[in-house]
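**Q** Chains A and B supply the protein sequences, listed in that same order.
According to my numbering, the first sequence holds residues 56 to 468 in order.
According to my numbering, the second sequence holds residues 56 to 468 in order.
Each residue gets a CB set at the ideal place from its N, CA and C atoms; glycine is no exception.
Protein chains: 2
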Amino acid sequence: MNTYVTHLESAIDGTHLPADRVQTVHEGRPLWVRYDLDAIRKNVNPTDFQNRPPTLWRYRELLPTSDNTEIISLGEGMTPLLKARRLGEKLGLRDFWIKDESQLPTGSFKSRGFAMAVTMANHFGLTRFATPTAGNAGGALAAYGARAGAEVYVFMPSDTPLVNQVECTLAGAKTFLVVDGLISDCGRIVRELSDEMGWFDFSTLKEPYRLEGKKTMGLELAEQFGWELPDVILYPTGGGTGLIGMWKAFAELRELGWLKSDKMPRMVSGQSDGCAPIVRAYEKGERFADEWDEAATCATGLRVPKAVGDFMILDAIRESGGCAIAACESDIAGAMREAISTEGISICPESAACVLAAQELIARGDIAPDDRVVLFNTGASQKYAGFGDQEQISIHLNKPVDPKTFRTTYSHN
Amino acid sequence: MNTYVTHLESAIDGTHLPADRVQTVHEGRPLWVRYDLDAIRKNVNPTDFQNRPPTLWRYRELLPTSDNTEIISLGEGMTPLLKARRLGEKLGLRDFWIKDESQLPTGSFKSRGFAMAVTMANHFGLTRFATPTAGNAGGALAAYGARAGAEVYVFMPSDTPLVNQVECTLAGAKTFLVVDGLISDCGRIVRELSDEMGWFDFSTLKEPYRLEGKKTMGLELAEQFGWELPDVILYPTGGGTGLIGMWKAFAELRELGWLKSDKMPRMVSGQSDGCAPIVRAYEKGERFADEWDEAATCATGLRVPKAVGDFMILDAIRESGGCAIAACESDIAGAMREAISTEGISICPESAACVLAAQELIARGDIAPDDRVVLFNTGASQKYAGFGDQEQISIHLNKPVDPKTFRTTYSHN
Numbered sequence: 056m057n058t059y060v061t062h063l064e065s066a067i068d069g070t071h072l073p074a075d076r077v078q079t080v081h082e083g084r085p086l087w088v089r090y091d092l093d094a095i096r097k098n099v100n101p102t103d104f105q106n107r108p109p110t111l112w113r114y115r116e117l118l119p120t121s122d123n124t125e126i127i128s129l130g131e132g133m134t135p136l137l138k139a140r141r142l143g144e145k146l147g148l149r150d151f152w153i154k155d156e157s158q159l160p161t162g163s164f165k166s167r168g169f170a171m172a173v174t175m176a177n178h179f180g181l182t183r184f185a186t187p188t189a190g191n192a193g194g195a196l197a198a199y200g201a202r203a204g205a206e207v208y209v210f211m212p213s214d215t216p217l218v219n220q221v222e223c224t225l226a227g228a229k230t231f232l233v234v235d236g237l238i239s240d241c242g243r244i245v246r247e248l249s250d251e252m253g254w255f256d257f258s259t260l261k262e263p264y265r266l267e268g269k270k271t272m273g274l275e276l277a278e279q280f281g282w283e284l285p286d287v288i289l290y291p292t293g294g295g296t297g298l299i300g301m302w303k304a305f306a307e308l309r310e311l312g313w314l315k316s317d318k319m320p321r322m323v324s325g326q327s328d329g330c331a332p333i334v335r336a337y338e339k340g341e342r343f344a345d346e347w348d349e350a351a352t353c354a355t356g357l358r359v360p361k362a363v364g365d366f367m368i369l370d371a372i373r374e375s376g377g378c379a380i381a382a383c384e385s386d387i388a389g390a391m392r393e394a395i396s397t398e399g400i401s402i403c404p405e406s407a408a409c410v411l412a413a414q415e416l417i418a419r420g421d422i423a424p425d426d427r428v429v430l431f432n433t434g435a436s437q438k439y440a441g442f443g444d445q446e447q448i449s450i451h452l453n454k455p456v457d458p459k460t461f462r463t464t465y466s467h468n
Numbered sequence: 056m057n058t059y060v061t062h063l064e065s066a067i068d069g070t071h072l073p074a075d076r077v078q079t080v081h082e083g084r085p086l087w088v089r090y091d092l093d094a095i096r097k098n099v100n101p102t103d104f105q106n107r108p109p110t111l112w113r114y115r116e117l118l119p120t121s122d123n124t125e126i127i128s129l130g131e132g133m134t135p136l137l138k139a140r141r142l143g144e145k146l147g148l149r150d151f152w153i154k155d156e157s158q159l160p161t162g163s164f165k166s167r168g169f170a171m172a173v174t175m176a177n178h179f180g181l182t183r184f185a186t187p188t189a190g191n192a193g194g195a196l197a198a199y200g201a202r203a204g205a206e207v208y209v210f211m212p213s214d215t216p217l218v219n220q221v222e223c224t225l226a227g228a229k230t231f232l233v234v235d236g237l238i239s240d241c242g243r244i245v246r247e248l249s250d251e252m253g254w255f256d257f258s259t260l261k262e263p264y265r266l267e268g269k270k271t272m273g274l275e276l277a278e279q280f281g282w283e284l285p286d287v288i289l290y291p292t293g294g295g296t297g298l299i300g301m302w303k304a305f306a307e308l309r310e311l312g313w314l315k316s317d318k319m320p321r322m323v324s325g326q327s328d329g330c331a332p333i334v335r336a337y338e339k340g341e342r343f344a345d346e347w348d349e350a351a352t353c354a355t356g357l358r359v360p361k362a363v364g365d366f367m368i369l370d371a372i373r374e375s376g377g378c379a380i381a382a383c384e385s386d387i388a389g390a391m392r393e394a395i396s397t398e399g400i401s402i403c404p405e406s407a408a409c410v411l412a413a414q415e416l417i418a419r420g421d422i423a424p425d426d427r428v429v430l431f432n433t434g435a436s437q438k439y440a441g442f443g444d445q446e447q448i449s450i451h452l453n454k455p456v457d458p459k460t461f462r463t464t465y466s467h468n
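1. Tell me which residues share the same chain as residue 466(A) and place their Cβ nearer than 8 Å to its Cβ, disregarding the 5 neighbours each side in the sequence.
2. Please classify residue 181(B): does DSSP put it in a helix, a strand, or coil?
3. At 4 residues or longer, what runs of the alpha helix (DSSP H) sit wholly inside the stretch 274-349 of chain B?
4. For residue 310(A), I'd like the list of residues in its chain whose CB is within less than 7 Å of its CB, leaving aside the five on either flank, ordered along the chain.
5. Three or more beta-carbon pairs under 8 Å between the stretch 303-322 of chain A and the stretch 368-382 of chain A, yes or no?
6. Consult DSSP for residue 201(A) and reduce its assignment to one of helix, strand or coil.
7. Out of curiosity, what's the CA-to-CA distance linking residue 209(B) and residue 184(A)?
8. Thinking C-alpha only, which one of 296(A), 268(A) and 314(A) is nearest residue 284(A)?
9. For chain A, is any of its Cβ atoms less than 7 Å away from the one on residue 178(B)?
10. Under 9 Å between beta-carbons, which chain B residues line up against residue 144(A)? List them in chain order, please.
11. Going by C-alpha to C-alpha distance, which of 205(A), 187(A) and 100(A) sits closest to residue 397(B)?
12. For chain B, check one thing: does any of its Cβ atoms lie closer than 7 Å to the Cβ of residue 231(A)?
13. For the stretch 424-454 of chain B, list every residue whose C-beta sits within 7 Å of some C-beta in chain A, in sequence order.
14. Thinking C-beta only, is residue 207(B) closer than 7 Å to residue 440(A)?
15. Return yes when the Cβ of residue 329(A) is within less than 7 Å of the Cβ of residue 247(A), no when it is not.
16. By the criterion of Cβ-Cβ separation under 9 Å, what are the contact partners of residue 346(B) in chain A?
17. On the DSSP letters alone, give me the boundaries of the alpha helix (DSSP H) that residue 113(B) sits inside.
18. Whole angstroms are fine: how far does the CA of residue 124(B) sit from the CA of residue 254(B)?
19. Name the chain B residues whose beta carbon is nearer than 7 Å to that of residue 137(A)?
20. What residues of chain A sit near residue 133(B), judged by a beta carbon separation below 7 Å?
21. Please decide whether residue 202(B) counts as near chain A, where near means a Cβ-Cβ distance under 7 Å.
22. Apply the 10 Å Cβ neighbour rule to residue 424(A) and answer buried if 16 or more other Cβ atoms are within range, or exposed otherwise.
23. For residue 207(A), decide whether its Cβ has a neighbour in chain B, counting only Cβ atoms nearer than 7 Å.
24. Looking only at its own chain, which residues have a Cβ that is under 6 Å from the Cβ of residue 77(B), when we skip the five neighbours before and after it?
25. Below 8 Å CB to CB, which residues in the same chain sit around residue 201(B) once its five sequence neighbours on both sides are set aside?
26. Should residue 57(A) go down as buried or exposed, given a rule of 16 or more other Cβ atoms within 10 Å for buried?
27. Is it right to say residue 71(A) is buried, meaning 16 or more other beta carbons lie within 10 angstroms of its own, or is it exposed?
28. Taking only the alpha-carbon atoms, compute the straight-line gap between residue 241(A) and residue 164(B) and give it to the nearest angstrom.
29. Would DSSP call residue 138(A) helix, strand or coil?
30. Within 10 angstroms of the Cβ of residue 477(B), are there 16 or more other Cβ atoms? Answer buried if so, exposed if not.
31. Measuring straight from C-alpha to C-alpha, what distance separates residue 272(A) and residue 297(A)?
32. What does DSSP give as the partner residues of residue 396(A) in its beta bridges?
33. Is residue 199(A) close to chain B, meaning its C-beta is less than 7 Å from at least one C-beta of that chain?
34. Leaving aside the five residues before and after residue 153(A) along the sequence, list all residues of the same chain whose C-beta is less than 6 Å from its C-beta, in chain order.
35. So which residues of chain A does residue 326(B) contact, with C-beta pairs closer than 7 Å?
36. Answer yes or no: do residue 162(A) and residue 390(A) have a C-beta to C-beta separation smaller than 7 Å?
This is the structure in structure tokens:
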């Protein structure tokens, strides 16, 4: 099979660019990968996918690779779509689901994007990679870069969770902590040193293929629901690639005629009020989002003060009839514990912000009790080790263990 | 479908016990779950499995549940089987594979066992759960217990990795750190307080169903290799449930006549010389393993001084023509980094011990260069945050970033 890709298209002005060589951005803004959907429709049926191995590569006709592309894979994709009955009841929802991206390589949704982007970079002969990261992207590039045999440089704020730092160094990435810096500062360092260092910049939406990897979240969701989309998607939004990618996936599926109904989900972008540039722009009715000053949130993946794909996020939200909504920063940690202990699913703080967003939208009447609602859990809570300490009780072996310890320490329900 | 389970069988003396009620051990030793394999053979074909969703529940005829059992699931199973060409080359192996169990819920293979054991405990109406843990088992019971709506108590050594502690508390488990204790001390506390506290003891092999969950590693491996087993399986061995479970799976598949060849893999048990009771018993030709004094290893999952299923592990190793071998403790951390940075796969220290074991067996000629060898990566390295710190380089924004930083700090290859 050759690729069905026809060209790349500038998201800001529609300019066409050839896809057979390395591309980055156009006028500083992202590129869409475009496909010959008529040819795909003739050659594939959605039922073909279900007989293929359970990875995101099952959707290969809708991906930028061709038969002679070496796939750089860690087995990513087909994450579980779990019914969350108990948490749904607490929220007042009867049809509430969690798509658990924590079960991907490196424990986060970032693996989808980097599997695709690293596969394409490797295909084009690139061997030195760099990325700024708020946390999980660095670990994913480190892992896929190692899998490709490339050299990887990662730049992250110095207060990025320890697990994110460690996963980079363990995978052999050259890992830099930017003191008092945010991901935007890290991005600037990568950009300014690109010529000197000769590395390829894998920043969010600065190359066209991470988006195509993230798109597979939407393809999987459609397949898992029998090619019928839910009413509402709750998505934690930092750089927003996943939201943009899913919206692209749904548009492609609709044009292919593979959806049982043309009804599109309302896309809800969840942020924290400690860093809510998309929410602010949405509320002001603007297409571009100003940089957020003094961004601060425990949900490190949401600590993105300025998104290069802001207009793509805001376009998708508005076209879908969704919205952007900010959770109260001080409620996120509690919502995360509540969600994990209610369902056993390893909800990250970014997704906990979306649980709070859902509460607000339900209270407002913007989500109805019978709506089919899907929350994306974008990463494993295990990667945020600072959230749970000092709750463990010590037992000393040289003292007899008194069962009362268990009764008095914890008040039983 | 009703269950194909016929009875439980004592592993130590063959006594039959009924499977329709809660069972624990017999004479202090584990129980096998036995099935009507003739009936299964008549009603199922191995090709049936490939059309079912990619979770371990696709093997339902070979599992203890029936149609009226509520499945307590977080979407576990069908972990990737990844070719590890580059690490294979370093080892001198041409057909080397890694089965990556780090992509399960809670980031470890423990989820297989607890998905099954919690499903059965819930089926029998149990609602208060306890387990001792060396690390990952606690996190898995906490998650599946939360998913079942049960109350969970976890006991772990006080120096268990922080991520393991946090994942328990986040999932709402009552989490106790036993100061200067090992998993055996934790196990004693759970056992001694069982009557008083009324909790069900999920200790390794103290109930019959964790083993059936772990068995699915063997079933998946067989399916992924087209119902033909590899030559060698490298398995890090603490309590050994996975090794025992896989050997049981292979025996069942052989009796069902589903394997293309009767050739069984050689089962290799990897330990650390800081805690190697199985290796010592293997070398002495004994069927039972004495407790290991002053167990100490950075591979916390291997820090199991006494395994209740010791004779089951040693029987499997010997029947298979395999062996038990201890890695040098001081080499494990380095082998882990080497493996992760070579393949991008998130190899845990326990599995790194098995990489070292493989080196030794290759050097001895016990593994041939063309053998098909499978290493089980039993958990995510992200859960061992202590392994990678102090390698990150700080950059200060108020000082100009000099590209020499990148050149001098890291010597490029």
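**A** Considering the structure as presented:
1. Here the question's residue 466(A) lines up with position 411 in the first sequence. Low per-residue confidence applies at residue 466(A): pLDDT is 39, beneath 50, and the placement is therefore not dependable enough to give any value.
2. Here residue 181(B) is taken as the residue at index 126 of the second sequence, counted from 1. Reduced to three states, the DSSP call for residue 181(B) is coil.
3. 296-311 and 332-339
4. Here the question's residue 310(A) lines up with position 255 in the first sequence. Excluding residues within five positions, the ones whose Cβ falls inside 7 Å are 92.
5. yes
6. Numbered from its first residue, the first sequence carries residue 201(A) at position 146. Residue 201(A): helix per DSSP, three-state reduction.
7. Counting from 1 along the second sequence, the entry for residue 209(B) is found at position 154. Counting from 1 along the first sequence, the entry for residue 184(A) is found at position 129. When rounded, the distance between both Cα atoms is 42 Å.
8. The residue you call residue 284(A) lines up with position 229 of the first sequence. Out of 296(A), 268(A) and 314(A), 314(A) has the C-alpha closest to the C-alpha of residue 284(A).
9. Numbered from 1 along the second sequence, position 123 holds the residue referred to as residue 178(B). With 7 Å as the cut-off, residue 178(B) does not count as an interface residue toward chain A.
10. In the first sequence, the residue the question calls residue 144(A) occupies position 89. Within 9 Å Cβ-Cβ: nothing; residue 144(A) doesn't reach chain B, min ~11 Å.
11. Position 342 of the second sequence, counted from the first residue, corresponds to residue 397(B). For residue 397(B), the nearest C-alpha among the options comes from 205(A).
12. The count along the first sequence starts at 1 and reaches residue 231(A) at position 176. It does: the Cβ of residue 231(A) has a partner Cβ on chain B nearer than 7 Å.
13. 435, 436, 437, 438, 440, 442, 443, 444, 446, 447, 448, 449, 450, 451 and 452
14. On the first sequence, position 385 is the one that residue 440(A) refers to. On the second sequence, position 152 is the one that residue 207(B) refers to. Contact: no.
15. Numbered from its first residue, the first sequence carries residue 247(A) at position 192. Numbered from its first residue, the first sequence carries residue 329(A) at position 274. Result no, Cβ atoms of residue 247(A) and residue 329(A) do not sit closer than 7 Å.
16. Along the second sequence, one-based indexing puts residue 346(B) at 291. Near residue 346(B) there are no residues of chain A at all, since even the closest Cβ is about 16 Å away, more than 9 Å.
17. By one-based count along the second sequence, residue 113(B) stands at place 58. It is not in any alpha helix (DSSP H) - residue 113(B) carries neither H nor E in the DSSP assignment.
18. Within the second sequence, the letter at position 199 stands for residue 254(B). Within the second sequence, the letter at position 69 stands for residue 124(B). Using only the alpha carbons, I get a separation of about 21 Å.
19. By 1-based counting over the first sequence, the position of residue 137(A) is 82. Under the 7 Å cutoff, chain B gives 129 and 130.
20. The sequence position of residue 133(B) within the second sequence is 78, counting from 1. Result: 109.
21. On the second sequence, position 147 is the one that residue 202(B) refers to. Closer than 7 Å: yes.
22. Taking the first sequence and counting its residues from 1, the one referred to as residue 424(A) is at position 369. With fewer than 16 Cβ atoms within 10 Å of its Cβ, residue 424(A) is classed as exposed.
23. By one-based count along the first sequence, residue 207(A) stands at place 152. No, no contact with chain B.
24. In the second sequence, counting from the first residue as 1, residue 77(B) sits at position 22. Cβ within range, chain order: 179.
25. The residue labelled residue 201(B) in the question sits at position 146 within the second sequence. Once the five neighbours on either side are set aside, the close Cβ partners of residue 201(B) are 207, 226, 227 and 228.
26. Counting from 1 along the first sequence, the entry for residue 57(A) is found at position 2. With fewer than 16 Cβ atoms within 10 Å of its Cβ, residue 57(A) is classed as exposed.
27. Numbered from its first residue, the first sequence carries residue 71(A) at position 16. Exposed, by the Cβ-count rule.
28. For the purposes of this step, residue 241(A) is taken as the residue at position 186 of the first sequence. For the purposes of this step, residue 164(B) is taken as the residue at position 109 of the second sequence. Distance between the alpha carbons of residue 241(A) and residue 164(B): 36 Å.
29. Taking the first residue of the first sequence as position 1, residue 138(A) is located at position 83. Strand, per DSSP.
30. Lying before the first or after the last residue shown, residue 477(B) is absent from chain B, which here runs from 56 to 468.
31. Within the first sequence, residue 272(A) is the residue found at index 217, counting from 1. Within the first sequence, residue 297(A) is the residue found at index 242, counting from 1. Going from the Cα of residue 272(A) to the Cα of residue 297(A) covers about 7 Å.
32. Start at 1 with the first residue of the first sequence, and residue 396(A) comes out as number 341. DSSP, once it has assigned bridges, lists no residue as partnering residue 396(A).
33. Sequence index remark: in the first sequence, residue 199(A) carries index 144 (1-based). Taking Cβ atoms only, chain B reaches closer than 7 Å to residue 199(A), which makes this a yes.
34. Along the first sequence, read from residue 1 onward, the residue named residue 153(A) stands at position 98. Closer than 6 Å at Cβ, skipping near neighbours: 137, 139, 400, 430 and 432.
35. Working through the second sequence from its first residue, we reach residue 326(B) at position 271. The premise fails here: residue 326(B) is roughly 22 Å from chain A at the closest Cβ pair, so nothing lies under 7 Å.
36. Along the first sequence, read from residue 1 onward, the residue named residue 162(A) stands at position 107. Along the first sequence, read from residue 1 onward, the residue named residue 390(A) stands at position 335. Cβ distance not < 7 Å, so residue 162(A) and residue 390(A) don't count as in contact.
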